[in-house]
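For reference, the structure is listed below as structure tokens.
Residue numbers (our numbering): 718 to 986.
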């Protein structure tokens, strides 16, 4: 276990912390994300027929929305969006948001990753939170929240456009490095298929982290996580129930019941 230092984060301690965080998330979070992917595929046929009434989605020309994001680990919706918790006292010690991508998406198709968030507890300087772009079960490219080179972010609300700049961590890709440009990452692996895209919080081993995620963007597709419930039954029909993420619904009847009772019957999604 890596012990957090009270002094400034150096390159070597930063690397050690990131390695420990990755070990934790690989052991536990990968299985959870695989289960989520299966569930998402089952929902996708319904969601594609629906008009996205709950999400403010602008479809990109290169990567179109393929459904709604899914939470895993110690993640939950709240009044501000999504709360992620990583702590040694809160099982399973990690949290995240799995972001759907169309089958066949390659690294070349991803040109921008944005985040609006706030660390209410802890900081970002242990490589968490981050976007994790998976190319295989053992190879991922990490895109860290916060400001390079140490990726601190403080506890104030942040809105960071295109975290792919100035650096990404593609050290798991042959020829990659911890501080690499995304342009070089595309040269190394641009044609490889992206098997998963997620935001992961798993730095609790170095001290409790709590992040509030208001919105995420993949290219021009924006996922707003602030509450946006349906206001009439028609929004639940023709697959519309599947487009809501905060709150989320189990099926059309669950959505209709929520509307009919003015939210007094909580959703079961």
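Ideal Cβ placement from N, Cα and C applies to all residues, glycine included.
By DSSP, does residue i sit in helix, in strand, or in coil?
{"i": "residue 970", "result": "helix"}
{"i": "residue 881", "result": "coil"}
{"i": "residue 952", "result": "helix"}
{"i": "residue 688", "result": "Because the chain in this structure spans residues 718 to 986, residue 688 falls outside the shown range and cannot be described."}
{"i": "residue 965", "result": "coil"}
{"i": "residue 928", "result": "strand"}
{"i": "residue 976", "result": "helix"}
{"i": "residue 784", "result": "coil"}
{"i": "residue 790", "result": "strand"}
Shortest alpha-carbon distance to residue i belongs to which of the options?
{"i": "residue 798", "options": "811, 826, 833 and 848", "result": "833"}
{"i": "residue 861", "options": "872, 837, 828 and 895", "result": "895"}
{"i": "residue 842", "options": "920, 835 and 886", "result": "920"}
{"i": "residue 828", "options": "813, 850, 846 and 837", "result": "850"}
{"i": "residue 836", "options": "946, 948 and 869", "result": "869"}
{"i": "residue 933", "options": "979, 846, 956 and 871", "result": "846"}
{"i": "residue 935", "options": "831, 945 and 957", "result": "831"}
{"i": "residue 922", "options": "855, 905, 844 and 793", "result": "844"}
{"i": "residue 838", "options": "789, 946 and 873", "result": "873"}
Tell me which residues share the same chain as residue i and place their Cβ nearer than 8 Å to its Cβ, disregarding the 5 neighbours each side in the sequence.
{"i": "residue 774", "result": "Summary for residue 774: the model assigns pLDDT 37, below 50, so the residue's position carries little reliability, and this model does not support an answer."}
{"i": "residue 871", "result": "836 and 840"}
{"i": "residue 982", "result": "974 and 975"}
{"i": "residue 905", "result": "887, 890, 891, 892 and 893"}
{"i": "residue 977", "result": "950"}
Looking only at its own chain, which residues have a Cβ that is under 7 Å from the Cβ of residue i, when we skip the five neighbours before and after it?
{"i": "residue 853", "result": "912"}
{"i": "residue 865", "result": "883 and 884"}
{"i": "residue 909", "result": "823, 824 and 852"}
{"i": "residue 987", "result": "As shown, the chain starts at 718 and ends at 986. That puts residue 987 outside it, with no answer to give."}
{"i": "residue 876", "result": "833"}
{"i": "residue 796", "result": "944"}
{"i": "residue 931", "result": "797, 798, 833, 834, 942 and 943"}
{"i": "residue 903", "result": "824 and 825"}
{"i": "residue 980", "result": "946"}
Note down, in chain order, each residue of its chain lying with its Cβ closer than 6 Å to the Cβ of residue i, except the 5 sequence neighbours on either side.
{"i": "residue 785", "result": "962"}
{"i": "residue 985", "result": "967 and 971"}
{"i": "residue 998", "result": "The structure shown does not extend to residue 998, since the chain spans only 718 to 986, so no value can be given for it."}
{"i": "residue 802", "result": "791, 812 and 927"}
{"i": "residue 969", "result": "953 and 958"}
Touching by the beta-carbon criterion (3+ pairs, under 8 Å), the segment 888–906 and the segment 916–932
Per the Cβ contact rule, the segment 888–906 is not in contact with the segment 916–932 (fewer than 3 Cβ pairs under 8 Å).
Exercise. Is the number of C-beta pairs between the segment 815–825 and the segment 952–964 that are closer than 8 Å three or more?
Worked result: No, because fewer than three Cβ pairs between the segment 815–825 and the segment 952–964 fall closer than 8 Å, the two stretches do not touch.
query: Fully enclosed by the segment 792–832, which beta strand (DSSP E) runs are 3 residues long or longer?
result: 792–795, 798–803 and 812–816
- prompt: So does the segment 872–883 actually touch the segment 959–974, counting three or more Cβ pairs closer than 8 Å?
  reply: no
To test your reading of the DSSP string, which unbroken beta strand (DSSP E) runs of 3 or more residues are found completely within the segment 855–919? 856–861, 875–877 and 913–918
If we count Cβ pairs, one from each stretch, closer than 8 Å, do we get three or more for the segment 799–808 versus the segment 898–908?
Not touching, per the Cβ criterion.
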